[in-house]
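Scroll down for the structure; my scribbles are underneath it.
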């Protein structure tokens, strides 16, 4: 791992900037530290249909989570003018007020969502499951994704990966949504429950 300093200027979108940074670096990593302030914070609270939008002089207290070329999964914590603390899943629309300085740890080898995968779509002919998941034995991210689907009562079809690459890979209604982080994003947004059997 090596650490990279990143400075975001006023008006930058925190979510977009970190997503672009991960894509440009073609590497996965995580936030080591952050200081700065925001004029607007957008974050998803558990169980809420829409993100919360907070405006004002906001102190950025914490930011943690993972970055990868395929997307980011971060949680933020901010304090308002009354020292009330807010936080949740970072969303687009979180704007830098004066500046934000970050220290990002990048992994030497890209590992977007865990282990290794097959780059091809699994065969879904004859399947009645809306959710298809490509996994590899021994992959902890695959176990987490499967556990999440099972805990939500969502029917899914499992496929074993035969080629190298990152897993899990998840398809919904034949469309690749990504890996474990994408599944967690659907859960945080309250959209995963829509896949339950009626």
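Numbering (this note's numbering), first residue to last: 100 to 297.
Don't be surprised by glycine CBs; every beta carbon is placed ideally from N, CA and C.
This one's a predicted model, so the numbers in the text were calculated from it and none came from an experiment.
- Our two residues, residue 291 and residue 182, have alpha carbons roughly 34 angstroms apart in a direct line.
- Counting C-beta pairs closer than 8 angstroms gives fewer than three between the stretch 251-263 and the stretch 114-124, which falls short of the contact rule.
- The three-state reading of DSSP puts residue 153 in strand, counting E and B together.
- Nearest neighbour of residue 117 by Cα position, chosen from 286, 253, 173, 247, turns out to be 173.
- A distance below 8 angstroms separates the beta carbons of residue 159 and residue 134.
- Runs of beta strand (DSSP E) with 3 or more residues, each lying fully within the stretch 132-202, are found at 151-167, 170-178, 184-189, listed in chain order.
- Shown here, residue 112 sits in a strand according to DSSP, grouped into three states.
- Straight-line measurement puts the Cα of residue 232 at about 31 angstroms from the Cα of residue 113.
- Going by DSSP, residue 275 is part of no alpha helix (DSSP H) but of the beta strand (DSSP E) stretching over 274-277.
- Residue 142 sits close to residue 186, with the two beta carbons spaced by under 8 angstroms.
- Rounded to the nearest angstrom, the Cβ distance from residue 192 to residue 166 is 18 angstroms, too far for a contact under 8 angstroms.
- Between the C-alpha atoms of residue 245 and residue 197 there is a straight-line separation of about 42 angstroms.
- It is roughly 16 angstroms from the alpha-carbon of residue 243 to the alpha-carbon of residue 270.
- As DSSP reads the structure, residue 287 sits in no beta bridge.
- Taking C-beta atoms as the reference points, residue 108 and residue 177 fail to come closer than 8 angstroms.
- If you draw a 10 Å sphere on the C-beta of residue 273, you find fewer than 16 other C-beta atoms in it, and that means exposed.
- Counting only residues of its own chain and dropping the five nearest sequence neighbours on each side, residue 277 has a CB closer than 7 angstroms to the CB of 169, 170, 269.
- Residue 106 holds the alpha-carbon nearest to the alpha-carbon of residue 136 among 126, 150, 106.
- In the assembly as shown, residue 111 is a buried residue. Its beta-carbon has 16 or more other beta-carbons within 10 Å.
- Bounds of the alpha helix (DSSP H) holding residue 249 are 239-250.
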